[in-house]
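Residue numbers (the working numbering): 24 to 189. Even for Gly, the Cβ is constructed at its ideal location relative to N, Cα and C.
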Amino acid sequence: MGNAIETKKVQVQEIAEKFQAASSVVVVDYRGLTVAQVTELRKQLRESGVEFKVYKNTLTRRAAEIAGVDGINEFLTGPNAVAFSNEDVVAPAKIINEFAKKNEALEIKAGIIEGNVSSADDVKALAELPSREGLLSMLLSVLQAPVRNFALATKAVAEQKEEQGA
């Protein structure tokens with residue numbers, strides 16, 4: 024009996040550490056997915072460095088309380104799987120959202136984004152954002168626009184002076 028309790032305590036501590044280390048967490052209801060579909064989802068998540076696990080809700084709730092994100096507990100009903108990402112905040116939301124569009128049985132329940140509990144709608148909104156590289160390229164083009172316009176204006180003035188001088 025004591026051994027089972029110790030095992031559960033260790034599991035709760037591991038889950039709590041994952042909650043604390045993760046930059047984003049997504050909780051999903053996977054009922055209705057086939058084994059092949061779950062395997063495909065796990066593969067896609069693993070390729071992006073996202074850990075996808077199924078834990079008992081009671082253990083997950085205790086771990087969430089330890090980690091200080093117990094607002095997620097109201098969503099921990101029924102069979103759940105949890106995706107943890109330590110690096111890319113957007114990756115789990117984007118992959119799971121795309122997978123859910125193709126497989127209606129997968130339902131996003133909630134998430135934790137940089138320590139804040141978020142609704143399913145917030146997670147979906149995060150998934151719709153462009154990637155980090157896309158946002159950086161948008162920023163770069165915005166920063167380049169004034170320089171480009173200045174260069175064009177300078178060239179036009181120089182050509183105009185040249186025509187007047189000629």
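Residue 120 lies in the alpha helix (DSSP H); which residues open and close that run? Here residue 120 corresponds to residue number 97 of the sequence shown, with the count starting at 1. Membership of residue 120 in the alpha helix (DSSP H) is indicated by the continuous run 114-125.
Taking C-beta to C-beta, are residue 149 and residue 116 nearer than 7 Å? Along the sequence shown, read from residue 1 onward, the residue named residue 149 stands at position 126. Along the sequence shown, read from residue 1 onward, the residue named residue 116 stands at position 93. Yes, the pair counts as a contact, with Cβ atoms nearer than the cut-off.
Is residue 77 closer than 7 Å to residue 104 when the C-beta atoms are compared? Translated into positions along the sequence shown, residue 104 becomes position 81. Translated into positions along the sequence shown, residue 77 becomes position 54. The Cβ atoms of residue 104 and residue 77 lie closer than 7 Å to each other.
Rounded to the nearest angstrom, what separates residue 56 and residue 129 at their Cα positions? Counting from one through the sequence shown, the residue named residue 56 turns up at place 33. Counting from one through the sequence shown, the residue named residue 129 turns up at place 106. Cα to Cα, the separation comes out at about 7 Å.
CB of residue 133 within 7 Å of CB of residue 95, strictly: Taking the sequence shown and counting its residues from 1, the one referred to as residue 133 is at position 110. Taking the sequence shown and counting its residues from 1, the one referred to as residue 95 is at position 72. Cβ distance < 7 Å, so residue 133 and residue 95 count as in contact.
Give the C-beta separation of residue 42 and residue 87 to the nearest angstrom, bearing in mind that I take them to be a contact with Cβ-Cβ under 8 Å. As a position in the sequence shown, residue 42 is number 19, starting the count at 1. As a position in the sequence shown, residue 87 is number 64, starting the count at 1. For residue 42 against residue 87, the beta-carbon gap comes to about 6 Å, under 8 Å, which counts as contact.
Where residue 156 and residue 137 are concerned, what is the direct C-alpha to C-alpha distance, given to the nearest angstrom? One-based indexing of the sequence shown puts residue 156 at position 133. One-based indexing of the sequence shown puts residue 137 at position 114. Spanning the two alpha carbons is a distance of roughly 19 Å.
Residue 164 to residue 97, Cα distance in whole Å? The count along the sequence shown starts at 1 and reaches residue 164 at position 141. The count along the sequence shown starts at 1 and reaches residue 97 at position 74. Roughly 43 Å separates the two Cα atoms.
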